[in-house]
Structure formats: C-alpha cells, structure tokens
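Trainee:
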Amino acid sequence: MSNALHFFNQMKAAGFLPSAVTYNTLIAGFCRVRDMARAIRAFSDMKERDLAPTKVTYTVLIDAFAKENEMDRVFEMFSEMEKTGLEVDVHTYGVLLHALCMEGKMMDARKLFQSMNKKGVKPNNVIYDMMIYGYGREGSSYKALKLIMEMRKSGLVANVASYGLTIRLLCNEGKCQEAEDLVDDMERAGLRSSESIFRVILDAKERLDGSTDDSLT
Numbered sequence: 001m002s003n004a005l006h007f008f009n010q011m012k013a014a015g016f017l018p019s020a021v022t023y024n025t026l027i028a029g030f031c032r033v034r035d036m037a038r039a040i041r042a043f044s045d046m047k048e049r050d051l052a053p054t055k056v057t058y059t060v061l062i063d064a065f066a067k068e069n070e071m072d073r074v075f076e077m078f079s080e081m082e083k084t085g086l087e088v089d090v091h092t093y094g095v096l097l098h099a100l101c102m103e104g105k106m107m108d109a110r111k112l113f114q115s116m117n118k119k120g121v122k123p124n125n126v127i128y129d130m131m132i133y134g135y136g137r138e139g140s141s142y143k144a145l146k147l148i149m150e151m152r153k154s155g156l157v158a159n160v161a162s163y164g165l166t167i168r169l170l171c172n173e174g175k176c177q178e179a180e181d182l183v184d185d186m187e188r189a190g191l192r193s194s195e196s197i198f199r200v201i202l203d204a205k206e207r208l209d210g211s212t213d214d215s216l217t
C-alpha cells in the first residue's frame, strides 16, 4: 500500500485530479490491509473534492466494516448509500443480512429482507440460505421451513445444509412427519440426503416412541 499511496500523492502534487476509480482503488487497498482509518480519510477526501462516491466505493466500505464487526459504520454507509440514490445490489444486501444473522438480529434481518424484495432486488440462494441459518440459530423451524417453501415457489433450491438444519429443528420439536416430508422435498429437488439426516429423524422417532411408552406405563 505504501507504493500506491506514494504514487497517489505524486499524482495530486503534479496537479492531476484523481478520478473516482482511482479513489476506489486506494480505498479498496486500505480496506484489504484493514487500515480503516486511512480508508475513511480517502473517502472523506474524495467527497471534499466533489467526487461522488460510487456503488463500488460504498460496497467496499460496507464489506470491510462488516468484516471488522463495526456494525454502526456498516449501516451508516448503507444509509448514506441509499440517500444518494445509488442502487443497492444483492451482494450489498447479502453483506448486511449476513452481519445481522450472525448477531442474531433476525427481526432486523427480516425487515431488510422484505425491504429488498419491495425494491425489486430478488434474493438469491445465498441470501435465502443465510436467512434460514439465522432462523436455525434462533430455533425457529416454522420460519426456516417457510423460507425453504418460498424458495421452491421462486424456482430456487436451498442447499443441503439449510435442509439439514430445518430437518433437525423439526425433529427437536417432535415434528418427525414434517421432517420426513422435507426429506422427500429435498430429494425431489435433486439433492441427496445424508446418513446424518436420517439418523436425526430416527433418533427423534425413538425419543417420541420412548416418551409414548413411558406415558402408557
């Protein structure tokens, strides 16, 4: 980064005005080496020179702040990006949703998920699987299952991990028939269930049978 910064300063000293692309390259470099203080200084300098930050500028900073777990800065950048009228793409929404799901803020994640739909940004497999993972951490089989069914209607297919997680949640709640139905749906979608998935269902059935036997004695 020192060579790039030296060249950048030479450009300015020679009277050349760096373009938005040049600033984006510099900001991305600072973010790559996790020097967020310099990244923000370059971002501020860019705006002071009346160069409008681009979608790339904001996405790079949002990505970097998310990796640093600086969520206030993430949403500050997101809010500023929206106010400028720049299009927020599915990748940027994915970064935001990943951060919210990992922090267990599923109510906020759901609001953002609904907002992106309303704005015409269609969730992809990665975003759906992320939301399912978030609901899995929350222990909500109903919400996870609902999203899998929503994906199927949209022509998308959840990954094996999302199916397995939802099946495990259903089994934990004693909903073995729904878990088996989901295995059937998974196989109809062209995915292969694993031995561990069948073991989860079998263990759940044995627990149910045991509790039924106990109640009869």
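Under UniProt numbering, the letters of the sequence shown match residues 1 to 217, in that order.
Beta carbons: idealized from backbone N, C-alpha and C, even for Gly.
1) What do you get for ALA179, buried or exposed, if any count of 16 or more other CB atoms within 10 angstroms of its CB means buried?
2) Taking the alpha-carbon positions, what's the MET106 to LEU17 distance?
3) What does the Cβ neighbour count give for ASP129, buried or exposed, with the cut at 16 atoms within 10 Å?
4) Would you give the residue range spanned by the alpha helix (DSSP H) that residue 224 belongs to?
5) Quick one: what's got a C-beta closer than 6 Å to ARG168's C-beta in the same chain, skipping five residues either side?
6) Taking 8 Å as the CB-CB cut-off, is ASP184 touching chain C?
7) For ILE197, collect the residues of the same chain with a Cβ closer than 7 Å to its Cβ; drop the 5 residues on either side in sequence, then sort them by chain order.
8) Find out if the Cβ-Cβ distance for the pair THR92, ILE62 is shorter than 8 Å.
9) Measuring CA to CA, which of ASP89, HIS98, TYR135 is closest to ASN117?
10) For my contact list, PHE65 and MET77 are in at a C-beta cut-off of 8 Å; report their separation, rounded to the angstrom.
11) May I ask you to report which of helix, strand or coil DSSP gives LYS105?
12) By the 10 Å Cβ neighbour count, where 16 or more other Cβ atoms means buried, how is ALA52 classified, buried or exposed?
13) How would you call ASP209, buried or exposed, if buried means at least 16 neighbouring beta carbons within 10 angstroms?
14) If you count every other CB in all the chains shown that lies within 10 Å of the CB of LEU202, and 16 or more means buried, which is it?
15) Looking at the unbroken alpha helix (DSSP H) that takes in ASN159, where does it start and where does it end?
16) If you reduce the DSSP assignment to three classes, tell me which class ARG122 lands in.
17) Taking only the alpha-carbon atoms, compute the straight-line gap between ARG34 and ASP50 and give it to the nearest angstrom.
18) If you run the structure through DSSP and keep just helix, strand and coil, what is ASP185?
19) For ASN69, is the classification buried or exposed, using 16 other Cβ atoms within 10 angstroms of its Cβ as the cut-off for buried?
20) Out of ALA204, ARG152, GLY174, LEU170, which one is the CA nearest neighbour of MET186?
21) Please report how far the alpha carbon of ARG207 lies from the alpha carbon of ASN172, in whole angstroms.
22) Tell me whether ALA204 sits in a helix, a strand or coil according to DSSP, three-state version.
Mentor: Walking through what the data contain:
1) buried
2) 44 Å
3) buried
4) Look at the range of the chain in this structure, 1 to 217, and you will see that residue 224 is not part of it.
5) So the qualifying residues of the chain are VAL200.
6) Of the protein chains in this structure there is only one, and it is not chain C.
7) GLY164, ILE167, VAL183
8) Contact: yes.
9) ASP89
10) 7 Å
11) coil
12) exposed
13) exposed
14) The residue in question, LEU202, is exposed, as its Cβ has fewer than 16 Cβ neighbours within 10 Å.
15) ASN159: not part of any alpha helix (DSSP H); DSSP gives it neither H nor E.
16) For the sequence presented, residue 122 should be read as Lys rather than Arg. LYS122 falls in the coil class under three-state DSSP.
17) 26 Å
18) helix
19) exposed
20) ARG152
21) The alpha-carbon separation between ARG207 and ASN172 amounts to approximately 10 Å.
22) helix
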